[in-house]
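**Student:**
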Amino acid sequence: MQSGAGRAILAAAVMGIVSGAWAQSAPRKPAETAPSEPSPLHNEIVDKYMAGDWTSLETEITQKQKDISALPKDQLADVRYIVQALNECHPLWWKQSKTGGQGNIRASVWQRNVAVQFQNGGNLHLDYLNKAGSVNITLTWPSADMESDTPAEHGFTKGDLTNVGIWGLIEQASVWGMMPGERLVQMKGAERTAFDRYTGLRQEITAGYYGTPRARQWAVFLGLDAYFGDHVTAEGFIARKPVGAMFIAEVAGHPAQYPDIQLPGSVDPSNAENRLATGLMREIGSVHWSFEEDKALREAVRQFGMANGTNVFNTGRIAFSNKQVMALDPAVDSQAAPRRNKWLADAIANGGDPDAKSATKPANKPTTSPAEKSTDSGMPWRP
21 MQSGAGRAIL AAAVMGIVSG AWAQSAPRKP AETAPSEPSP LHNEIVDKYM AGDWTSLETE
81 ITQKQKDISA LPKDQLADVR YIVQALNECH PLWWKQSKTG GQGNIRASVW QRNVAVQFQN
141 GGNLHLDYLN KAGSVNITLT WPSADMESDT PAEHGFTKGD LTNVGIWGLI EQASVWGMMP
201 GERLVQMKGA ERTAFDRYTG LRQEITAGYY GTPRARQWAV FLGLDAYFGD HVTAEGFIAR
261 KPVGAMFIAE VAGHPAQYPD IQLPGSVDPS NAENRLATGL MREIGSVHWS FEEDKALREA
321 VRQFGMANGT NVFNTGRIAF SNKQVMALDP AVDSQAAPRR NKWLADAIAN GGDPDAKSAT
381 KPANKPTTSP AEKSTDSGMP WRP
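The numbering of the sequence shown is this note's numbering, which starts it at 21 and goes up by one.
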């Protein structure tokens, strides 16, 4: 566990590196100047961030402030972004709970404070106790798995999966904590289903923003997995599906921002979303994409989270940045799905957002003839 003094040193590093010129990254803004030659220090910091080796990363940042300050402007901007992300996504309570045992946690998500009890245990779960108007929430997860590099499934590690689960629990505690205790325990039927779906959606969004880069990919993978087999009707996956839909629209609408993600040349407008989910799930499970791609996705998740708060519980409607919508109730979504499918088919055909004034073709991809372009053959476009 990091000491108070160690945390103070990191805070000083943050002030020295971030102060003054810090502004949140805007990943879709074109570079105004040519990038500088990569430096070993910059590459090492970025690599540790992308690998989720954040404990070692914090140590390096605090010990090499002078060298970091001497980096070229564009590389220093990357480090500022990483420091800001560390402040949000690798808080003191994470380090405390990683040591095991039990105790109090004071977390913050989406500018909301969350106070809960933590205990080390084998399965991730939330215990809710409402007694005499006083609410107590206890979160349990296995400390040993928090940063484990043990292989789990689909190319992800136990640490990736646990990271998503922990941030999901923190968000669940936050959402439940905003609901009057009596109403929460009395909700039944359709109202309870709507609330649980809303909570599940917020859990996936929060994990997608606050998690490590690989955990972010796992959160999206789960959203894409909601399009297949019995997951289509499984309550846990119904809540995750909008995150998959958000990712599909993000990549189709901004392909130049995700050059490591391969898209087909065309898709059937009657089934575009399902078709893209098939290929993209295979892509995201196997591709270790760049720092710039991760920044673009993290910003997209942030915007998605800000646009879909408690209004989703009240309306059952989810809004996307491309002005399309999705109903959280699958039975109702059949009305909105055809419009999303058409938008996606047009975006794929145009090389980007079909509503943009001047759509651009994806960057950093080889030019192919019409005969060589992938088409919607019903099979994933990458083996």
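Glycine included, each C-beta is placed from N, C-alpha and C at the ideal position.
Ignoring anything shorter than 4 residues or poking outside the region 185-216, list the alpha helix (DSSP H) runs there in chain order.
**Tutor:** Those alpha helix (DSSP H) runs which fall completely within the region 185-216 and span 4+ residues are 201-206.
**Student:** How do the region 143-154 and the region 111-129 stand: do at least 3 beta-carbon pairs fall below 8 Å, yes or no?
**Tutor:** Flag = no, the region 143-154 and the region 111-129 do not touch.
**Student:** Between R260 and G220, is the Cβ-Cβ spacing less than 8 Å?
**Tutor:** Cβ distance < 8 Å, so R260 and G220 count as in contact.
**Student:** So, for P92: in the same chain, excluding its five sequence neighbours on each side, which residues have a beta-carbon less than 6 Å away from its beta-carbon?
**Tutor:** Excluding positions up to five away in sequence, the list reads S56.
**Student:** In three-state terms, what does DSSP make of E57?
**Tutor:** In this structure, E57 counts as coil in the three-state DSSP scheme.
**Student:** Which residues in the same chain as P320 place their Cβ atom closer than 6 Å to its Cβ, once the five residues preceding and following it in sequence are excluded?
**Tutor:** Note on identity: in this sequence residue 320 is Ala, with Pro being the wrong assignment. For A320, where only same-chain residues beyond five positions count, the Cβ hits under 6 Å are E270.
**Student:** Could you give the uninterrupted runs of the alpha helix (DSSP H) lying entirely in the region 61-93, keeping only those of 4 residues or more?
**Tutor:** Counting whole runs of 4 or more residues, the region 61-93 contains the alpha helix (DSSP H) stretches 74-83 and 85-89.
**Student:** Enumerate, from N- to C-terminal direction, the unbroken beta strand (DSSP E) stretches of 3 or more residues contained entirely within the region 270-354.
**Tutor:** DSSP runs (the beta strand (DSSP E)) wholly in the region 270-354: 337-339 and 345-347.
**Student:** Let me know the alpha helix (DSSP H) ranges lying completely inside the region 95-142, each 4 residues or longer, listed in chain order.
**Tutor:** The region 95-142 contains these whole alpha helix (DSSP H) runs: 112-118.
**Student:** Between L159 and L204, how many whole angstroms is the CB-CB distance? I'm expecting something under 8 Å.
**Tutor:** That belief does not hold up - the Cβ atoms of L159 and L204 are roughly 16 Å apart, past 8 Å.
**Student:** Assign E200 to buried or exposed, taking buried as 16 or more other Cβ atoms, counted over all protein chains shown, within 10 Å of its Cβ.
**Tutor:** Sequence check: residue 200 is Pro here, not Glu. When all chains shown are included, P200 counts as exposed.
**Student:** Relative to the C-alpha of M198, which candidate in T170, A339, V134 and G243 has its C-alpha closest?
**Tutor:** Minimum Cα distance to M198 is reached at V134.
**Student:** Does M326 pass the burial test, meaning 16 or more other C-beta atoms within 10 Å, or should it be called exposed?
**Tutor:** Exposed is the call here.
**Student:** DSSP three-state call for L159: helix, strand or coil?
**Tutor:** It is a strand residue.
**Student:** In the DSSP output, which residue or residues are listed as bridge partners for D147?
**Tutor:** For D147, which the question treats as bridged, DSSP gives the partners T158.
**Student:** Only counting the same chain, and skipping five residues up and downstream in sequence, which positions put a Cβ closer than 8 Å to that of Q404?
**Tutor:** Residue 404 lies beyond the range of the chain shown here (21 to 403); nothing can be said about it.
**Student:** Taking DSSP as the reference, what is the three-state secondary structure of E224?
**Tutor:** Of the three classes helix, strand and coil, the one that applies to E224 here is helix, per DSSP.
**Student:** Based on Cα-Cα distance, which residue from V155, R234 and M346 lies nearest to A265?
**Tutor:** Measuring from the Cα of A265, the nearest candidate turns out to be M346.
**Student:** Can you have a look at A43 and say buried or exposed, based on whether 16 or more other CB atoms are within 10 angstroms of its CB?
**Tutor:** Residue placement at A43 is flagged as unreliable, the pLDDT there being 35, under the threshold of 50; a coordinate-derived value is accordingly withheld.
**Student:** Shortest alpha-carbon distance to L61 belongs to which of D98, L296 and D250?
**Tutor:** That would be D98, whose Cα lies nearest to the Cα of L61.
**Student:** Which of the three DSSP states is assigned to G26 in this structure?
**Tutor:** A caution first: G26 carries a pLDDT of 46, below 50, which makes its placement in the model unreliable, though a value can still be read off. Of the three classes helix, strand and coil, the one that applies to G26 here is helix, per DSSP.
**Student:** Determine whether the Cβ of F248 lies closer than 8 Å to any Cβ atom of chain D.
**Tutor:** Absence of chain D from the displayed structure is noted, only one protein chain being present.
**Student:** Use the C-beta contact count for G228: other C-beta atoms within 10 angstroms, 16 or more gives buried, fewer gives exposed.
**Tutor:** Burial call: buried.
**Student:** Taking only the alpha-carbon atoms, compute the straight-line gap between I29 and P111 and give it to the nearest angstrom.
**Tutor:** Note that I29 scores 41 on pLDDT, short of 50, meaning its location in the model is unreliable and no value can be drawn from it.
**Student:** Do you know how far the Cα of Q282 is from the Cα of E80?
**Tutor:** Roughly 34 Å separates the two Cα atoms.
**Student:** May I have the straight-line CA-CA distance separating D353 from I88, to the nearest angstrom?
**Tutor:** The alpha-carbon atoms of D353 and I88 are separated by roughly 49 Å.
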